[in-house]
Structure formats: C-alpha cells, structure tokens
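In the UniProt record's numbering, the protein residues as written are 1 to 408. Beta carbons: idealized from backbone N, C-alpha and C, even for Gly.
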C-alpha cells in the first residue's frame with residue numbers, strides 16, 4: 001500500500017501509540033515492526049521533504065537513477081537482515097569495485113596482490129607477497145596499522161606505501177585534519193588483502209534495490225498503522241520537560257502537542273540538535289555532492305574511483321554501474337567533504353569519533369537516561385559509525401524489545 005502522509009497540524013497525540021523521529025533506515029525499520037508486529041499506531045516525523053534519509057534516490061532530469069547522498073550498496077552476511085530486506089524489495093546483485101587513481105594509474109582498493117604488483121613491479125611484488133603470506137597467511141585480510149608496526153622492513157615498506165598513497169591524503173580531505181591527527185581507529189579499518197580479491201565488500205549478500213531505495217522505503221512505510229509527517233523537526237514537535245532548572249537536569253517527560261507522551265519514542269536524529277545544542281554542536285563531517293551528466297555510456301572503469309593523491313574531492317561514482325541501467329549518457333557525482341555547520345542546508349554524514357567528542361556526546365545522552373520510553377538509535381543519535389546492515393540489525397533488536405514490552 002502507499003505511504004500515508006499527513007500534515008503535522010492534522011495529527012493528535014491520542015491518535016498514536018509510538019513516535020519515530022526520522023524516516024531513514026533505522027526509523028523506518030522500527031516503525032514497520034511496531035506497526036506490523038505489535039499493532040501499534042506509529043507517527044513518523046521526518047525533517048526532510050522526502051523519506052529514505054541518506055539512502056534516498058530518484059531519476060534526475062536526464063533519466064538516470066542516482067543516489068542523492070552518494071553511493072549506497074547494501075552488503076551483509078546477517079541472515080535475518082537478508083531475509084528482512086527481501087521482504088520489501090527485489091535486489092539486483094552487485095559487487096562493488098573501487099579503484100584508487102594513483103597519479104593516473106588505477107590501483108584496486110582495498111589494496112591487494114594486484115595493487116602490490118602495480119605499485120612495486122613484478123619481481124619485487126613477488127618477494128613482498130611471499131613475505132606477506134609467510135607472516136600473515138595467504139588469503140588473510142590485515143590492516144595498514146599492522147603493516148606499519150611490523151619489524152620486517154619489506155612489510156613496513158608496503159604499509160608505508162598504502163598509508164601514503166591510499167590513506168593519507170584521502171583522509172585529510174575526508175576529515176579536514178592532517179592524516180597523523182586522524183583517530184587511530186580510522187586507520188585500523190583500512191584493509192590490505194593478501195589475495196587477488198578486488199571486491200570492495202566480501203559479504204554473502206551484496207546489491208541495490210531494482211526499483212531504487214525510495215521504492216524500498218515506500219514499501220517499508222506503506223502500512224495502515226504508519227503515518228508520516230514530512231518537513232517536521234522533532235525539536236518543533238516535542239516539548240521537553242526537565243526534572244529541574246539545572247543546566248544538566250535530565251528529562252522527566254516529553255510532551256507532544258501539550259500532552260505527555262508515554263509510548264515509545266525512537267529518536268534517530270542528531271541528539272545535540274534535539275537539545276538546541278545547549279553544550280555546543282557535536283562535530284560531524286558533511287559532503288557537498290556535485291553531479292554531472294555526460295554524453296557517454298561510461299566514464300569510469302568501475303562504480304567508484306577514489307582520488308587518493310590528487311584533486312580536492314575524495315571520490316567519483318558513476319551510478320549506472322551500480323544500477324545496471326543502460327543509457328548512452330551517464331551521471332557521475334564528485335564528493336567534497338566539508339565541516340557540518342548548518343543543519344538546514346547540510347547533511348551530517350560522519351560523526352568525528354574521538355575521546356573528547358564522545359565525552360561531549362555523553363553530555364547530551366545523560367539528559368535521556370532517566371526517560372525509559374526514549375530510545376536514541378542509529379549513527380546520528382548514538383554518535384557512532386554503523387554500516388547499513390548493522391543499522392537494520394540494531395533496529396530489529398530494538399523492535400524485538402519494544403514489541404515484547406507492548407504486546408497487545
């Protein structure tokens with residue numbers, strides 16, 4: 001069935017048993033589960049003029065299906081998540097390939113045996129690969145950090161090459177700070193494969209929805225018990241009631257249209273914005289997306305090319321590789337990372353994870369710990385990085401809990 005949209009002015013707090021803030025992946029999965037499994041009437045508040053969060057897509061004026069916020073390929077090995085995804089969309093199998101543009105030469109990313117041969121030449125790469133196999137085992141996946149900490153000069157040389165030519169400049173653009181200031185957990189996620197495997201992901205399920213992500217979300221949210229209000233910010237819908245006037249006083253309740261709401265409230269937005277940035281804004285990185293349609297069938301050799309040593313953008317993606325669409329024209333997008341400074345014109349894409357920022361986040365999280373019906377969930381509300389499959393798994397787990405607590 002179609003999504004039921006209404007103006008927020010038309011709804012009343014007695015009409016709903018649960019409120020979900022955000023019509024992205026986390027919020028939409030929980031809303032569907034509460035509506036379907038617990039029979040709850042769910043109000044979904046979405047600040048944007050469309051559903052889907054950062055996964056939203058659509059056909060541009062040139063007839064090309066594009067992802068509005070950069071490429072999104074769903075990948076997972078979680079059987080519950082796979083079964084859930086297949087309920088709401090047909091999926092096109094697609095294994096993402098990424099190349100690094102190394103001064104005009106393409107290196108597979110993650111760095112693998114082929115990358116090693118391109119970078120070091122046939123003879124030297126054979127020596128280095130044999131040493132990698134000896135130390136770590138053929139077929140292993142290790143990190144750049146592990147190579148950099150090796151005592152072996154050759155292995156450390158490989159690590160230094162990857163750090164300099166794949167990680168360093170790309171990360172400076174991505175995070176807006178010198179590479180040596182990037183949190184060490186980031187470099188810990190940069191893989192090196194001791195194999196020829198050139199797939200960006202290795203999960204058993206990889207693909208994109210045949211009809212697009214927006215259709216997937218319309219299927220998720222298309223339920224009689226779900227009502228969606230677009231262009232509605234939670235901070236305008238909620239009246240926060242604190243236990244005292246102290247600056248650090250926790251919440252005692254949340255009112256919706258002057259009525260204390262006691263049902264589940266699942267919040268997936270930036271937690272600092274709900275509290276009007278009382279302790280200052282939590283830092284995120286945002287991205288400016290520059291789209292271009294070109295009168296050629298393809299302009300890139302694969303779905304995404306990372307610019308790791310040149311250019312002021314991080315990567316370029318060509319959507320027809322992802323979607324399988326056939327056309328004599330194609331659309332690419334270049335990504336220019338930037339600071340997140342304006343909630344009305346920018347999208348918070350990546351929380352900047354470090355000890356200081358996590359402590360800053362906890363100042364906001366402490367407001368909610370005494371409110372048992374308030375559930376922050378997802379990358380923004382929990383101020384942490386989640387892959388898409390982890391978001392679905394997390395949402396299903398929360399839904400299990402809420403459905404058990406509110407079974408009717």
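Item, Value
"Whole-angstrom C-beta distance between residue 143 and residue 190, which should lie under 8 Å", "6 Å"
"Local Cβ density within 10 Å of residue 271, reported as buried at 16 or more and exposed below that", "buried"
"Residue 306 versus 71, 253, 83, residue with shortest Cα-Cα distance", "71"
"Contact set for residue 216: own chain, Cβ-Cβ below 7 Å, skip 5 residues either direction", "88, 89, 209"
"Residue 8 versus residue 376: straight-line alpha-carbon distance, rounded", "22 Å"
"Euclidean distance between Cα positions of residue 240 and residue 203", "42 Å"
"CB contact flag (residue 75, residue 206, <8 Å)", "yes"
"Contacting residues, own chain, Cβ-Cβ under 6 Å from residue 193 (five flanking each side not counted)", "110, 112, 141"
"Neighbourhood of residue 408 by C-beta, 6 Å cutoff - its chain only, sequence neighbours within 5 removed", "Unreliable positioning characterises residue 408 in this predicted model, as indicated by a pLDDT of 44, which lies under 50. A coordinate reading is not provided."
"Helix, strand or coil at residue 144 according to DSSP, with G and I counted as helix", "helix"
"Entirely enclosed alpha helix (DSSP H) segments - the stretch 271-298, minimum 4 residues", "271-274"
"Straight-line Cα distance separating residue 250 from residue 16", "25 Å"
"4 or more residues per run - each alpha helix (DSSP H) lying fully within the stretch 339-394", "355-365"
"Of the residues 396, 73, 401, the one placed nearest residue 81, counting alpha carbons only", "396"
"Selection from 287, 136, 164 that minimises the alpha carbon distance to residue 152", "136"
"Cβ distance (whole Å) where residue 290 is taken to contact residue 336 below 8 Å", "7 Å"
"Distance, residue 20 Cα to residue 268 Cα", "8 Å"
"For residue 58, the first and last residue of its enclosing beta strand (DSSP E)", "57-59"
"Same chain only: Cβ atoms within 7 Å of residue 228, ignoring 5 sequence neighbours per side", "3, 4, 5, 23, 44, 46, 51, 221"
"6 Å Cβ shell around residue 292 - same chain, five flanking residues per side excluded", "332"
"Contacting residues, own chain, Cβ-Cβ under 6 Å from residue 400 (five flanking each side not counted)", "none"
"For residue 182, the three-state DSSP class (helix, strand or coil)", "coil"
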